[in-house]
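Asker:
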Amino acid sequence: MIINLPGGNQREFDSEKSLFDIANEISPSLKKRSIVARLNGKLVDMDTVVTTDSSVEFITTDDPEALEVLRHSSAHLLAEAIKTLYPHAHFGVGPVIEDGFYYDIDLGEDILSEKDLPIIEKEMAKIASQNSKIEREVVSKEQALELFKDDPYKVELINELPESEEISIYKQAHFTDLCRGPHLPGTKWIKNFKLLSLAGAYWRGNSDNVQLTRVYGTAFFTKEELDEHLNLLEERKKRDHRKLGKQLDLFMLSEYGPGFPFWLPNGMILRRELESFWYDVHLKEGYKLIQTPIMLNKELWEISGHWANYRENMYTSTIDDMEFAIKPMNCPGGMLVYKRDIHSYKDFPLKVGELGLVHRHEASGALNGLFRVRNFTQDDAHIFMTEDMIVQEIRELVRLFDYMYKVFNLEYHIELSTRPEDKFIGKVETWDRAEKALADALESMGQDYKLNPGDGAFYGPKLDFKLKDSMKRIWQCGTIQLDMNLPERFDLTYIDSNGEKQRPVMLHRALYGSIERFIGILIEHYAGAFPTWISPVQVKVIPVNNEYHLEYAKTLVGELKDQGIRVEIDERDEKLGYKIREAQTKKIPYQLVIGDKEVESGQVNYRRYGEQNQVAVPTYEFIEMILAEIKEKK
RNA sequence: GCCGAAAUAGCUCAACCAGGUAGAGCAACUGACUUGUAAUCAGUAGGUUGCGGGUUCAAUUCCUGCUUUCGGCACCA
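Every position in the first sequence, counted from 1, becomes a number in my numbering once 343 is added.
#1: Are at least three pairs of beta-carbons, each pair with one atom in the region 560 to 570 and one in the region 593 to 611, less than 8 Å apart?
#2: Pick helix, strand or coil for Pro961, following the three-state DSSP scheme.
#3: Helix, strand or coil: which one does DSSP assign to His433?
#4: Give the range of the beta strand (DSSP E) segment to which Cys820 is assigned.
#5: Taking the alpha-carbon of Tyr748 as reference, which of Lys694, Ile726, Val882, Gly821 has the nearest alpha-carbon?
#6: Between Lys974, Met467, Tyr513, Phe594, which lies nearest to Ala988 when the distance is taken from Cα to Cα?
#7: Should Ser416 be labelled buried (16 or more other beta-carbon atoms within 10 Å of its own) or exposed?
#8: Are the CB atoms of Asn652 and His704 within a distance shorter than 7 Å?
#9: Please report the residue range of the alpha helix (DSSP H) in which Gly443 lies.
#10: Taking the beta strand (DSSP E) that Met665 belongs to, which residues open and close that run?
#11: Taking DSSP as the reference, what is the three-state secondary structure of Thr561?
#12: Name, in chain order, the residues that DSSP records as bridge partners for Thr720.
#13: Can you check DSSP and say which residues form a bridge with Met595?
#14: Ignoring anything shorter than 4 residues, give me the alpha helix (DSSP H) runs that lie fully in the region 346 to 432, in order along the chain.
#15: Roughly how many whole angstroms lie between the Cα atoms of Val399 and Phe363?
#16: Please classify Tyr653: does DSSP put it in a helix, a strand, or coil?
#17: So Val900 and Gln881 are supposed to be a Cβ contact under 8 Å. How far apart are they, rounded?
#18: Please look up how many angstroms separate the CB atoms of Asp453 and Val436, rounded, as I've assumed it's under 8 Å.
#19: With DSSP as the reference, identify every bridge partner of Asn640, one or two as the case may be.
#20: In chain order, what residues of the same chain have a beta carbon less than 7 Å from the beta carbon of Asp551, not counting five sequence neighbours either side?
#21: Quick one: what's Tyr755 bridged to in DSSP?
#22: For Tyr746, report the span of its alpha helix (DSSP H) as first-last.
#23: Any chance the region 720 to 736 sits against the region 783 to 796, with 3 or more Cβ pairs inside 8 Å?
#24: For Gly677, which of helix, strand or coil comes out of DSSP?
#25: Are the CB atoms of Asp592 and Asn609 within a distance shorter than 7 Å?
#26: Please state if the CB of Leu538 and the CB of Leu455 are separated by a distance shorter than 7 Å.
#27: May I ask which residues mark the beginning and end of the beta strand (DSSP E) holding Met849?
#28: What does DSSP give as the partner residues of His725 in its beta bridges?
#29: Could you round the C-beta distance between Phe491 and Val498 to whole angstroms and report it? I think they count as a contact, below 8 Å.
#30: Can the beta-carbon of Lys805 be found closer than 7 Å to that of Gln824?
#31: Cα separation between Ile402 and Gly524?
#32: Between Tyr792 and Lys694, what straight-line distance do the alpha-carbon atoms span, to the nearest angstrom?
#33: Out of Leu527, Thr962, Leu935, state which residue places its alpha-carbon closest to the alpha-carbon of Glu902.
#34: Are at least three pairs of beta-carbons, each pair with one atom in the region 879 to 894 and one in the region 930 to 949, less than 8 Å apart?
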């Protein structure tokens, strides 16, 4: 039997051997470090016996796959501990997730609270220290059903496994789980783990099903890595935009309006900067700007289809015996504007933008700071054109989006969502053409994207721009959606070169997505230390001694204000250190300390936020520098 | 919406487990100090303990309904 190893090496063995033995033959230390192995491309347990010529790659603790195995086995260990403490517990699923693992558990009448987590952890550690072997066994469906007959969730899973699939179970000490594997050779590897949180989670992710208790945890091979991860979690909490929003006086929320954010003066500056940037860019790009009403007659929403499809999320009001709805989207209003005029193919592409305030009644449990609110401003635009313009327009948009996101140093990836399986309107051929147009545009630019089959809106395929925040959550911000529905429903037309009426193609697109959410992401992205151009206060002037330096400081503030720089002076009778500390905690980009030296030389002494060194420059030089920085959006 | 947890001064938190009508730091205000890169000192004021109901001689504390927030789930045209 010949075993091919990575790097073109080969070993020959007379008889069948377990992967343990093979690793041992290569080197005892390899055996010690190996968690699982890739046998002919498939990850398997170390006690797997190899009988024929094969390729083998040992996965050691250094490989990323090993971490997943560790976490998967940690989930089993968690289950075993729970089973020990709560013998009546039934188990759902316990998979590995991005930063750890979880297990869904039915505890019957029992309720777990955070206080129980350390107790469970202790039990886990106790079991792990016994170093029981984790062993795989293949069973028939009947055996599996018999084995898990008291576990209703497992029975459900077993019954849904395809007949062709081999059913395996994993045994460790006093616990056996239905599992595909692979797993660690033994529980002794599980040393550095932590249970993090509890949550309710619907069985199989369906809200019609019962809710199980989900325990989240994480695990690493070394204590250092675990500590580092836990520190990271702490760090992320510090960046939480809700916390920073409070500290930096950006926005507030009130019980009187759950999900309706209030913008404070500092937050308004962020908004206004983002909005005026948006307006500038869009005017440059040839967009026309409009504003449509917040509230429109129910009949309009019947035409648009929102009344039938989106009513649950709409706020309504009856006025003069007529029913009105507050707009959850801007498009129907935009349609009315389009229909006001007769359009020619010569007008195309017609790009119409609107920063429109929409209201959506989101589920109470979904609300989350600025990330999920009930009223928000969409930076919407509708682009009307002929079908053969699609590829070119998409290219233009991807370029525009890329430019805007780069200004903020934001990472993103694009997803192409295609026709839903059953719920869609229009002809399949039209969908195919539209999807191809989107894909062609991306490919012609060499732009990578992920395919999201069946995830399109019912009215058309879309490109979503997903930004990653500091909590590693993915947020949909930008979106480009082809709409094959509204032009039809509103009977939009244009006159083609033959003088005949035609149906235009329409794109919806949003770049920030929602200004509120985008600001939330920026707060966390910058940890509240905004680049100068959007910073609510750009410069803080601090006189060393009011008696001698206040006058000069005030003159300086005047000069900066004349240049449009947002500057504040701290003229309180406090120690210098006190005022500096406050300027630092408010994360103001530049603090200028004005004392004798500056007054005498006509200079300023600045310190950039996040830096320790102080720089003395002539006032005009400082002004030139900061103006350039603002202009370049740094 | 669902599961679980929480709500005390403007902010961050204590007192609650074993009921006896709340305390600290920061911020605010007053005064003194007159300062060179992250907190000067002293004093003053600040609370219907989220809202309502119940148990009790007595409720911030125990029970309960509601509201909001947090962690998730579901949702997210």
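Beta carbons: idealized from backbone N, C-alpha and C, even for Gly.
Answerer: Taking the coordinates as given:
#1: When Cβ pairs closer than 8 Å are counted between the two stretches, the region 560 to 570 is seen not to touch the region 593 to 611, the count staying below three.
#2: If DSSP states are grouped into helix, strand and coil, Pro961 belongs with the strands.
#3: The answer is strand: DSSP assigns His433 an E or B state.
#4: 817 to 826
#5: Gly821
#6: This structure cannot speak to residue 988, because the chain is shown only from 344 to 977.
#7: buried
#8: It is not a contact, given that the beta carbons lie outside the stated cut-off.
#9: Per DSSP, Gly443 belongs to no alpha helix (DSSP H); it is in the beta strand (DSSP E), 443 to 449.
#10: That run of the beta strand (DSSP E) goes 665 to 669.
#11: strand
#12: Leu700
#13: Phe605
#14: 362 to 369, 371 to 376, 407 to 428
#15: 12 Å
#16: coil
#17: Incorrect: roughly 12 Å between the Cβ atoms, too far for contact.
#18: So it is not a contact: roughly 19 Å between Cβ atoms.
#19: For Asn640, the beta-bridge partners assigned by DSSP are Phe667.
#20: none
#21: Leu810
#22: 733 to 750
#23: yes
#24: helix
#25: yes
#26: no
#27: 848 to 857
#28: For His725, the pairing in a beta bridge is given by DSSP as Val695, His851.
#29: 6 Å
#30: yes
#31: 14 Å
#32: 25 Å
#33: Thr962
#34: yes
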